Amino acid sequence: AQDRIFLGPYTGRDPAVASGSAALLANAMEQASASRIPLFTAADFAWNPKGYRADESWQAAIDDLAGGDAGAREALRALAGNSADSVLGSAESAYLQPLFA
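Under this note's numbering, the first residue of the sequence shown is numbered 2, with each subsequent residue one higher.
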């Protein structure tokens, strides 16, 4: 979808399938910098499918992209948390969900 950005972690894949595959395909978005978050998590999954933890990988991707800037990290977390859903996982906004409780 060209009208959306998908900043959630790589999810919805069975580790057994990855272990038996020669390659993993991940589509980058037109927004190259924003694509770093989901591609970081896809690479993490490909490296260790059985030990992959989507949420931890997602946080690490945000930390890496923020480059040590605490303000950038919080802004990225808010943006990515509100843009994390996809056709493979439609979880409610991780950023807004606690505000509705």
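Beta carbons are placed, not taken as given, at the ideal position from N, Cα and C, and that holds for glycine. Small disclaimer: the values here were computed from a predicted structure and weren't measured.
query, result
"Cβ-Cβ distance between A19 and P50 below 8 Å", "yes"
"T42 in three-state terms, based on DSSP", "helix"
"Top-ranked residue by Cα proximity to L66, from D56, L77 and A29", "L77"
"Segment limits, alpha helix (DSSP H) that includes A79", "A71 to N83"
"Candidates F46, A62 and G69, of which the one nearest A17 by Cα", "F46"
"Rounded distance between the beta-carbons of P10 and D59, thought under 8 Å", "The sequence as given places Trp at residue 59; Asp does not occur at that position. About 4 Å; that satisfies the 8 Å criterion."
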